[in-house]
Amino acid sequence: MKPRLKEHYDTELKPSLMKEFSYKNHMEVPRLEKIVINMGVGEAVADSKKIKSAVNEMTLIAGQAPVVTKAKKSVASFKLREGMAVGCKVTLRRERMYEFLDRLVTIALPRVRDFRGLSGKSFDGRGNYAMGLKE
Numbered sequence: 201m202k203p204r205l206k207e208h209y210d211t212e213l214k215p216s217l218m219k220e221f222s223y224k225n226h227m228e229v230p231r232l233e234k235i236v237i238n239m240g241v242g243e244a245v246a247d248s249k250k251i252k253s254a255v256n257e258m259t260l261i262a263g264q265a266p267v268v269t270k271a272k273k274s275v276a277s278f279k280l281r282e283g284m285a286v287g288c289k290v291t292l293r294r295e296r297m298y299e300f301l302d303r304l305v306t307i308a309l310p311r312v313r314d315f316r317g318l319s320g321k322s323f324d325g326r327g328n329y330a331m332g333l334k335e
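For the sequence shown, position 94 matches number 294 in the numbering used here, and the numbering has no gaps at all.
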């Protein structure tokens with residue numbers, strides 16, 4: 201079964217975008233390629249067990265196992281060595297991406313305290329959108 205957001209994109213958004221911007225080919229229409237979820241764990245420098253709990257939480261959130269990210273450089277002021285685990289990330293594509301975005305927009309974001317919508321200024325000019333959530 202197709203995810204609800206993908207179905208909405210295919211049946212309503214794609215045809216209206218083709219008509220509005222007069223695209224000749226359906227491959228010209230903008231679409232979602234991937235969603236990357238990143239979690240930085242600052243406490244992991246002092247306690248390496250924090251990474252394991254972050255990986256478990258990220259697995260529950262994303263529905264697939266994340267990759268542990270490591271420090272590229274040593275930073276003395278943070279007591280950080282090159283190669284130490286500092287966080288985790290997961291890349292969602294296809295059905296999982298649409299399911300995650302649907303749950304984020306309809307369930308998670310409305311529950312955030314003092315949520316006033318997503319800013320349009322978070323686009324970087326190349327079609328990428330970045331947003332952050334605390335805890």
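Glycine is no exception: its CB is placed at the ideal position from the N, C-alpha and C atoms.
On a predicted model such as this, the values are computed, not experimentally measured, just so you know.
Whose C-alpha, out of the options, is nearest the C-alpha of residue i?
| i | options | result |
| --- | --- | --- |
| M239 | R231, I251 and P230 | I251 |
| L333 | L318, H208, G327 and F323 | L318 |
| M258 | G242, C288 and E282 | C288 |
| G242 | K219, Y223 and T269 | T269 |
| S193 | R281, K224, T211 and R296 | Past the boundaries of the shown model lies residue 193; the chain is included only from 201 to 335, so the question cannot be answered. |
Let me check you understand the geometry: is the CB of residue i closer than 8 Å to at least one non-hydrogen atom of the ligand FAD?
| i | result |
| --- | --- |
| D324 | The ligand FAD is not part of this structure, which contains no ligands at all. |
Under the rule that 16 or more other beta-carbon atoms within 10 Å means buried, what is residue i, buried or exposed?
| i | result |
| --- | --- |
| V305 | exposed |
| A254 | buried |
| F221 | exposed |
Here's a check: name, in chain order, each residue in its chain whose Cβ is nearer than 7 Å to the Cβ of residue i, leaving out the five neighbours to either side.
| i | result |
| --- | --- |
| K214 | H226 and V229 |
| F315 | L309 |
Skipping 5 residues on each side, what residues in its chain have a beta carbon closer than 6 Å to that of residue i?
| i | result |
| --- | --- |
| I237 | A262 and V290 |
| M284 | A271 |
| E295 | P203 |
Rounding to the nearest angstrom, what Cα-Cα distance links residue i and residue j in this structure?
| i | j | result |
| --- | --- | --- |
| L232 | D302 | 13 Å |
| Y223 | N328 | 21 Å |
| R313 | G320 | 20 Å |
| I307 | E212 | 22 Å |
| R326 | F300 | 22 Å |
| M201 | D210 | 14 Å |
In chain order, what residues of the same chain have a beta carbon less than 8 Å from the beta carbon of residue i, not counting five sequence neighbours either side?
| i | result |
| --- | --- |
| A324 | It is worth fixing the name first, because residue 324 is Asp in this sequence and not Ala. A330, listed in sequence order. |
| S322 | Y329, A330 and M331 |
| V267 | C288, K289 and V290 |
Just checking my contact of residue i with residue j at CB under 8 Å: how many whole Å lie between their CB atoms?
| i | j | result |
| --- | --- | --- |
| V286 | A265 | In fact, because the Cβ distance is near 18 Å, the residues do not count as touching under 8 Å. |
| I235 | L309 | Not a contact, Cβ separation roughly 14 Å. |
| Y298 | L217 | Rounded, the Cβ-Cβ distance is 17 Å, inconsistent with contact. |
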